[in-house]
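Structure, as C-alpha cells:
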Amino acid sequence: MPFPIQTSEGSFLAYYSENGLERLDFPIHREPKGLLKPAELPLPMRQWHTMTTKALEQVLAGHAPEALPPFDLSAGTEFQQRVWNALRRITLGKTNSYAEMAASIGQPKATRAVGSACGANPIPVLIPCHRVLAANHRLGGFSGGLDWKRKLLAREGLLFPD
DNA sequence: CCACGGTGGTAGA
DNA sequence: TCTACCACCGTGG
C-alpha cells in the first residue's frame with residue numbers, strides 16, 4: 001500500500017507499517033496499481049506521512065530535516081540494521097567511505113558487505129546512503145542510479161564531475 | 001556450498 | 001592514470 005509524495009523531482013512512494021515508515025521508493029514513470037490517497041491513511045500514519053513529506057522536501061532542498069517519522073527497519077537483517085543506523089548518523093553535507101562505515105560498526109573488514117547493505121537501504125534519501133563514497137573520495141555506486149547520488153550530494157554542496 | 005556485490009589495496013604498465 | 005588481481009564478508013540461491 002504505497003502512498004505518493006509529490007515533489008519537484010517526481011512522485012516518491014512511501015510505505016508504512018504499524019510501527020512507522022518502512023520504505024521509500026524513488027519516483028517511477030509508471031504509476032503503480034494499488035495507489036492510495038493519503039486521506040485514506042489511519043490517523044497515526046497520516047501524521048507520519050506529513051512528516052515524511054516535509055522531511056523529503058527539506059532534504060531535496062539541501063536542508064536538514066527538522067523532524068522525521070519513526071522508521072520500521074525490522075525487515076532487515078541485524079547486520080543491515082546496524083549499517084542503516086550508522087548511516088543515520090552521517091550529517092548533511094558530510095561523507096564517509098565504505099571502509100569508515102565498516103569500522104564504525106566494529107567490522108573493519110566488512111567493507112564490501114557494507115556496500116551491499118547500503119544497496120538494500122529501504123529508505124533512501126532520509127537514511128542517507130548517498131553520503132557513503134568509495135575510497136579516495138570517488139563517487140562509488142548507487143542502487144537508485146548514480147544520477148540520483150550526484151544530485152542528492154549536489155544539493156548538499158558536494159559536487160562530482162562526470 | 002557457491003557466486004555475487006554500491007569495496008579497498010597493491011602492482012605494473 | 002587505468003587495468004588486473006586478490007582478500008574480504010553478508011546474502012541469497
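Per the working numbering, the very first residue in the first sequence carries number 1; after that it's consecutive.
Cβ coordinates follow ideal geometry from the N, Cα and C atoms, glycine included.
In its own chain, which residues sit with a C-beta less than 7 Å from the C-beta of residue i, not counting the 5 before and 5 after it?
i      : result
Ile105 : Arg82, Val83 and Ala86
Glu9   : Pro27 and Leu60
Glu57  : Thr7
Under 7 Å, do residue i and residue j count as touching if we go by C-beta distance?
i     : j      : result
Phe71 : Leu24  : no
Leu92 : Glu156 : yes
Which same chain residues end up closer than 6 Å to residue i when comparing Cβ atoms and leaving out the 5 residues on each side of it in sequence?
i      : result
Pro122 : Arg23
Arg150 : Phe160
Ser11  : Pro4 and Pro27
Leu73  : Gln81 and Trp84
Throw me the rounded Cβ distance for the residue i and residue j pair, which I believe falls under 8 Å.
i      : j      : result
Leu36  : Ala55  : Contact flag wrong, Cβ pair sits at about 20 Å.
Ile90  : Pro128 : 6 Å
Tyr15  : Met45  : In fact, because the Cβ distance is near 10 Å, the residues do not count as touching under 8 Å.
Leu133 : Leu139 : 6 Å
Tell me whether residue i is buried or exposed, calling it buried when 16 or more other Cβ atoms sit within 10 Å of its Cβ.
i     : result
Leu43 : exposed
Met1  : exposed
Practice prompt. Check whether the stretch 58 to 70 touches the stretch 108 to 116, counting contact only when three or more Cβ pairs, one atom from each stretch, lie closer than 8 Å.
Written response: no
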